[in-house]
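**Student:** Below is a structure I'd like to ask you about.
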Amino acid sequence: MDAQKYLQRIKVSAEPNPDLGYLKKLQSGHMLNIPFENLDVTRKIPIRLDTDSFSEKILERGRGGFCYELNGLFQLLLSELEFQSHLISCTVKKPDGWVREESHAAILVYLHQLPYLVDVGFGDSVRQPLPLTGEERTDVSGTYRIKSTAGEKFDLQLLADGKWKILYRFSDKPVQLGDFHDACLFNQTSPESHFTHGDLATIATKDGRITLSGLTVTKSEESGKNKFELTEEEKREFLLGQFRIKL
Numbered sequence: 003m004d005a006q007k008y009l010q011r012i013k014v015s016a017e018p019n020p021d022l023g024y025l026k027k028l029q030s031g032h033m034l035n036i037p038f039e040n041l042d043v044t045r046k047i048p049i050r051l052d053t054d055s056f057s058e059k060i061l062e063r064g065r066g067g068f069c070y071e072l073n074g075l076f077q078l079l080l081s082e083l084e085f086q087s088h089l090i091s092c093t094v095k096k097p098d099g100w101v102r103e104e105s106h107a108a109i110l111v112y113l114h115q116l117p118y119l120v121d122v123g124f125g126d127s128v129r130q131p132l133p134l135t136g137e138e139r140t141d142v143s144g145t146y147r148i149k150s151t152a153g154e155k156f157d158l159q160l161l162a163d164g165k166w167k168i169l170y171r172f173s174d175k176p177v178q179l180g181d182f183h184d185a186c187l188f189n190q191t192s193p194e195s196h197f198t199h200g201d202l203a204t205i206a207t208k209d210g211r212i213t214l215s216g217l218t219v220t221k222s223e224e225s226g227k228n229k230f231e232l233t234e235e236e237k238r239e240f241l242l243g244q245f246r247i248k249l
């Protein structure tokens with residue numbers, strides 16, 4: 003992987019010290035410049051768990067991806083920049099239960115032996131490293147914390163309508179990219195997977211987020227949300243203009 007090309011893509015300069023301030027810049031830069039998208043999944047283009055393939059797609063062709071691609075490649079960048087980090091597996095919470103167990107990939111980064119959750123592959127979520135100590139962090143997307151649970155697990159939580167909502171559960175156990183083989187196949191092919199039900203592309207903006215779901219665009223800003231519909235031709239133009247994705 004070309005680390006310099008990656009830094010250019012996320013508009014962050016190289017810095018000599020792998021500290022918390024630099025990690026924040028890297029995570030924010032990634033989320034502002036590389037979209038979360040499932041367009042290969044819906045077009046039945048196989049996604050292999052291979053960082054060379056991720057690099058070609060994201061850095062050479064200017065695409066985005068879903069969690070295995072985005073966090074898989076970002077964790078490699080962190081290693082290149084001398085951050086101590088590893089992948090973790092997470093189980094996402096639904097309103098009526100849980101999705102497939104340990105099917106989401108995220109990252110733990112250790113700074114002075116203290117672990118921080120970093121996730122650039124979960125769509126609209128926390129934009130900064132989140133300590134596993136329960137401290138709250140707030141950014142334009144909301145207020146978040148991590149709470150420990152029984153069985154040496156941790157919950158990523160979002161404050162919504164005055165109550166803490168679980169987004170996903172994880173352990174701090176290191177995993178390898180290849181450990182997600184079955185989950186990656188499931189998320190590409192199963193009718194139970196959220197990603198097989200229609201096109202999705204979303205990217206953070208400085209004061210909100212732009213999301214394309216099917217033919218519906220949602221623009222979230224400080225002033226509120228604006229929704230509008232596209233035709234199929236307008237959708238192709240929107241993907242190219244907003245996400246720089248050519249179908």
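My numbering numbers the first residue of the sequence shown as 3 and each following residue consecutively. Note that CB positions come from ideal geometry on N, CA and C, so glycine has one too.
Give me the DSSP bridge partner(s) of R139.
**Tutor:** Y146
**Student:** For a quick check, are the C-beta atoms of L22 and L160 less than 8 Å apart?
**Tutor:** no
**Student:** Would you mind sorting D121 into buried or exposed? The rule is 16 or more other CB atoms within 10 Å of its CB.
**Tutor:** buried
**Student:** So what does DSSP say about V297, is it helix, strand or coil?
**Tutor:** One cannot answer for residue 297 here, as it falls past the ends of the chain, which runs 3 to 249.
**Student:** Where A206 and P48 are concerned, what is the direct C-alpha to C-alpha distance, given to the nearest angstrom?
**Tutor:** 26 Å
**Student:** Counting Cβ pairs closer than 8 Å, one from the stretch 194–210 and one from the stretch 31–40, do we hit at least three?
**Tutor:** They touch, by the three-pair rule.
**Student:** Less than 8 Å between the C-beta atoms of P176 and L89, yes or no?
**Tutor:** yes
**Student:** Sort A16, D141, T140, L134 by Cα distance to E154 and report the nearest one.
**Tutor:** Out of A16, D141, T140, L134, L134 has the C-alpha closest to the C-alpha of E154.
**Student:** For F124, which residues does DSSP report across the bridge?
**Tutor:** DSSP output for F124 lists no bridge partner at all.
**Student:** How far does the beta strand (DSSP E) with V111 in it reach, from first residue to last?
**Tutor:** 106–113
**Student:** In three-state terms, what does DSSP make of V43?
**Tutor:** helix
**Student:** Below 8 Å, how does it come out for the stretch 173–190 and the stretch 70–87: are there three or more Cβ pairs, yes or no?
**Tutor:** yes
**Student:** Given that a residue counts as buried once 16 or more other Cβ atoms are within 10 Å of its Cβ, and exposed if not, what is Q255?
**Tutor:** A question about residue 255 goes unanswered here, because the residues of the chain that appear run from 3 up to 249.
**Student:** In angstroms with no decimal places, state the Cα-to-Cα distance between Y24 and D42.
**Tutor:** So the two alpha carbons sit approximately 31 Å from each other.
**Student:** Is the beta carbon of C92 sitting closer than 8 Å to the one on R147?
**Tutor:** no
**Student:** Look at the Cβ atom of T218, then the Cβ atom of E231, and state whether they are nearer than 8 Å.
**Tutor:** yes
**Student:** Indicate the three-state DSSP secondary structure (helix, strand or coil) for D184 in the structure shown.
**Tutor:** Helix.
**Student:** To which residues does DSSP link N228 through a beta bridge?
**Tutor:** K221
**Student:** Cα-Cα, which of R65, K248, G210, A152 is closest to V142?
**Tutor:** G210
**Student:** Can you tell me whether DSSP reads R211 as helix, strand or coil?
**Tutor:** In this structure, R211 counts as strand in the three-state DSSP scheme.
**Student:** Name the two residues that bound the continuous beta strand (DSSP E) containing S55.
**Tutor:** S55 -> not in any beta strand (DSSP E); alpha helix (DSSP H) instead, spanning 53–57.
**Student:** Among K13, L119, A107, F197, which has the Cα closest to the Cα of K46?
**Tutor:** F197
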